[in-house]
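Here the structure is laid out as structure tokens; the discussion comes afterwards.
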Amino acid sequence: MEDGVKKFLYVNRKAPYGTIYALESLEVVLIGAAFDQDVSLAFLDDGVFQLVKSQDTKDIGVKNFSPTFRALGDYEVTKLFVEKESLDERGLTADDLQEIMWEDEDEDYAEKPSIRIISRTEMADVMSDQDVILSF
Amino acid sequence: MATLHTVNKSPFATQTLLSCLGHAKAGDTVLMIEDGVYGAASNTGLADAMVGMGGAVTLAVLAPDLKARGIDEGRLLSGVKTVDYAGFVELAATHDRTQNWL
Numbered sequence: 019m020e021d022g023v024k025k026f027l028y029v030n031r032k033a034p035y036g037t038i039y040a041l042e043s044l045e046v047v048l049i050g051a052a053f054d055q056d057v058s059l060a061f062l063d064d065g066v067f068q069l070v071k072s073q074d075t076k077d078i079g080v081k082n083f084s085p086t087f088r089a090l091g092d093y094e095v096t097k098l099f100v101e102k103e104s105l106d107e108r109g110l111t112a113d114d115l116q117e118i119m120w121e122d123e124d125e126d127y128a129e130k131p132s133i134r135i136i137s138r139t140e141m142a143d144v145m146s147d148q149d150v151i152l153s154f
Numbered sequence: 002m003a004t005l006h007t008v009n010k011s012p013f014a015t016q017t018l019l020s021c022l023g024h025a026k027a028g029d030t031v032l033m034i035e036d037g038v039y040g041a042a043s044n045t046g047l048a049d050a051m052v053g054m055g056g057a058v059t060l061a062v063l064a065p066d067l068k069a070r071g072i073d074e075g076r077l078l079s080g081v082k083t084v085d086y087a088g089f090v091e092l093a094a095t096h097d098r099t100q101n102w103l
């Protein structure tokens, strides 16, 4: 571990618009990005609904914050872990999720996917590898 | 590198406790607090899932929340240990991290 750098995991388990949790999580991630920590996001249970593409909130009068996930790469937040079992249970596949890329400056700004689909067992490993876990 | 997991919702209202149990690793502790304590009772539809953790995970419940809800300690699943507020602090201090399952 680099000096003063901790591993932070933001755990997202709520669908996007029924409660304020999902938006608040994203706000905290963006604020936290200023502190140069090792940040990962986890999406499991209903949290996987946050990443579904083609969201359109015009008619419910709230902000569609899903495009903001695509800006995370600019804040060096490039690890979005999505649990496969949670997708399966909800009839979703990777194709139902929006594409989120980041540019790797160490490899001539090659574009790489931020979303990594992992198993429940791997998610448990990710969780147990953190210094700090913030839940939403 | 153990984790203390806290669950504060009734398992009969949300999937939170089940999801927590599905992600806890051997050596971790799952502490049921607030409405989460309903998950610690025996003879419920969830008892099998709880017992199925097979001792790899320590199950604990916050006694003041049990008492507040009229759940007698004699009704708890076997193997579930009760802690008071000081015990909660002790658990937080003796694990590497805390994960609150909201």
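Top line first, the protein sequences correspond to chains A and B.
For what it's worth, this note's numbering labels the leading residue of the first sequence as 19, then goes sequentially.
For what it's worth, this note's numbering labels the leading residue of the second sequence as 2, then goes sequentially.
Heads up, the beta-carbon is just placed ideally off N, CA and C, and yes, glycines get one too.
Check whether residue i and residue j have beta carbons under 8 angstroms apart
{"i": "threonine 95(B)", "j": "alanine 64(B)", "result": "no"}
{"i": "glutamate 103(A)", "j": "arginine 134(A)", "result": "no"}
{"i": "valine 58(B)", "j": "valine 81(B)", "result": "no"}
{"i": "lysine 10(B)", "j": "glycine 37(B)", "result": "yes"}
{"i": "leucine 78(B)", "j": "leucine 32(B)", "result": "no"}
{"i": "glutamate 101(A)", "j": "valine 57(A)", "result": "no"}
{"i": "tryptophan 120(A)", "j": "glycine 91(A)", "result": "yes"}
{"i": "phenylalanine 99(A)", "j": "leucine 59(A)", "result": "yes"}
{"i": "glutamine 55(A)", "j": "phenylalanine 61(A)", "result": "no"}
{"i": "isoleucine 75(A)", "j": "tyrosine 35(A)", "result": "For the sequence presented, residue 75(A) should be read as threonine rather than isoleucine. Yes, the Cβ-Cβ distance between threonine 75(A) and tyrosine 35(A) is below 8 angstroms."}
{"i": "phenylalanine 26(A)", "j": "glutamine 116(A)", "result": "no"}
{"i": "phenylalanine 154(A)", "j": "leucine 103(B)", "result": "yes"}
{"i": "glutamine 100(B)", "j": "aspartate 63(A)", "result": "no"}
{"i": "lysine 68(B)", "j": "alanine 142(A)", "result": "no"}
{"i": "valine 70(A)", "j": "aspartate 113(A)", "result": "no"}
Residue i versus residue j - alpha carbon distance
{"i": "threonine 45(B)", "j": "arginine 76(B)", "result": "10 angstroms"}
{"i": "leucine 104(B)", "j": "valine 23(A)", "result": "Nothing about residue 104(B) can be read from this structure; chain B reaches only from 2 to 103."}
{"i": "glutamate 39(B)", "j": "proline 12(B)", "result": "It is worth fixing the name first, because residue 39(B) is tyrosine in this sequence and not glutamate. Their Cα atoms are separated by approximately 7 angstroms."}
{"i": "aspartate 124(A)", "j": "glutamate 35(B)", "result": "48 angstroms"}
{"i": "aspartate 122(A)", "j": "arginine 31(A)", "result": "28 angstroms"}
{"i": "proline 85(A)", "j": "tyrosine 39(A)", "result": "17 angstroms"}
{"i": "glycine 71(B)", "j": "tyrosine 86(B)", "result": "18 angstroms"}
{"i": "asparagine 82(A)", "j": "aspartate 73(B)", "result": "47 angstroms"}
Closer than 8 angstroms to chain A by CB, residue i
{"i": "leucine 60(B)", "result": "no"}
{"i": "leucine 103(B)", "result": "yes"}
{"i": "serine 11(B)", "result": "no"}
{"i": "serine 43(B)", "result": "no"}
{"i": "arginine 76(B)", "result": "no"}
Cutoff 8 angstroms: residue i Cβ touching any chain B Cβ
{"i": "valine 150(A)", "result": "yes"}
{"i": "aspartate 126(A)", "result": "no"}
{"i": "aspartate 106(A)", "result": "no"}
{"i": "phenylalanine 154(A)", "result": "yes"}
{"i": "alanine 142(A)", "result": "yes"}
7 angstroms CB neighbourhood of residue i in its chain, flanking five on each side removed
{"i": "aspartate 29(B)", "result": "Ala3, Thr4, His6 and Val58"}
{"i": "tyrosine 93(A)", "result": "Leu48 and Ala51"}
{"i": "arginine 98(B)", "result": "Thr4"}
Residue i: contacting residues in chain B (beta-carbon distance under 7 angstroms)
{"i": "aspartate 54(A)", "result": "The premise fails here: aspartate 54(A) is roughly 20 angstroms from chain B at the closest Cβ pair, so nothing lies under 7 angstroms."}
Proximal chain A residues relative to residue i, where beta-carbon distance stays under 9 angstroms
{"i": "methionine 2(B)", "result": "Ser146 and Asp147"}
Closer than 8 angstroms at the beta carbon, the chain B residues around residue i
{"i": "arginine 138(A)", "result": "Gly23 and His24"}
Same chain, Cβ closer than 6 angstroms to residue i, five either side skipped, listed in chain order
{"i": "arginine 88(A)", "result": "Ile118"}
Chain A contact residues for residue i, given Cβ-Cβ distances below 8 angstroms
{"i": "serine 20(B)", "result": "Arg31, Leu62 and Asp63"}
Proximal chain A residues relative to residue i, where beta-carbon distance stays under 7 angstroms
{"i": "arginine 70(B)", "result": "Per Cβ cutoff of 7 angstroms: no residues; arginine 70(B) is ~23 angstroms from chain A at best."}
Residues that residue i contacts on chain B, provided the C-beta gap is smaller than 9 angstroms
{"i": "alanine 40(A)", "result": "The premise fails here: alanine 40(A) is roughly 12 angstroms from chain B at the closest Cβ pair, so nothing lies under 9 angstroms."}
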